[in-house]
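In the working numbering, the protein residues as written are 1173 to 1266.
A quick write-up on the structure given underneath.
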Amino acid sequence: MKKRKIPERMCNGCRGKKPKRELIRIVRSPDQEVTIDTTGKKPGRGAYLCPDSECLKKARKSKALERALEVDIGPEIWESLERTLEIEVKERDK
1173 MKKRKIPERM
1183 CNGCRGKKPK
1193 RELIRIVRSP
1203 DQEVTIDTTG
1213 KKPGRGAYLC
1223 PDSECLKKAR
1233 KSKALERALE
1243 VDIGPEIWES
1253 LERTLEIEVK
1263 ERDK
């Protein structure tokens, strides 16, 4: 029996490779809106982060998320991402 290959993605904060399901997808929709994609299936350009506030801070400092999504991210969006990330991490830990 063949083992199924587990898709991996790179975190834009720590630059580590992890299984796709362990990461949180941030997506830029076709109308340039940046949101967290909880389903992993929203249309648009995606970037991945570990469910860790340190990775979000690193990605913000290095502008890695902005480069990956090819869009400028305003302070209100960063705050929204921080709040949503905290909620998402709590949900995953349940």
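For each residue, glycine too, the CB sits at the ideal point set by N, CA and C.
| query | Quick one: Cα of Leu-1241 to Cα of Pro-1202, how far? | reply | For the purposes of this step, residue 1241 is identified with residue 69 of the sequence shown, where counting begins at 1. For the purposes of this step, residue 1202 is identified with residue 30 of the sequence shown, where counting begins at 1. Those two C-alpha atoms are separated by around 11 Å.
| message | Using 7 Å as the threshold, is the C-beta distance between Leu-1221 and Cys-1183 below it? | response | Taking the first residue of the sequence shown as position 1, residue 1221 is located at position 49. Taking the first residue of the sequence shown as position 1, residue 1183 is located at position 11. The answer is yes: Cβ separation under 7 Å.
| request: Taking Lys-1177 as the reference, give the member of Lys-1192, Glu-1260, Ile-1208 and Pro-1247 with the closest Cα. | output: If you number the sequence shown from 1, residue 1177 lands on position 5. If we check each option's Cα against that of Lys-1177, Lys-1192 comes out closest.
| task | Report the residue ranges of all beta strand (DSSP E) runs contained in full by the stretch 1173–1256; include only those spanning at least 3 residues, in chain order. | result | 1180–1182, 1189–1191, 1196–1200, 1206–1209 and 1217–1221
| query | Near Ile-1208, what residues of its chain come up, given a Cβ to Cβ distance below 8 Å and the 5 sequence neighbours on each side ignored? | reply | Here residue 1208 corresponds to residue number 36 of the sequence shown, with the count starting at 1. Ile-1196, Arg-1197, Ile-1198, Val-1199, Leu-1253, Thr-1256, Leu-1257 and Glu-1260, listed in sequence order.
| message | Quick check: the Cα distance between Arg-1239 and Met-1173, rounded to an integer number of angstroms? | response | The residue you call residue 1239 lines up with position 67 of the sequence shown. The residue you call residue 1173 lines up with position 1 of the sequence shown. Each residue's alpha carbon lies about 41 Å from the other.
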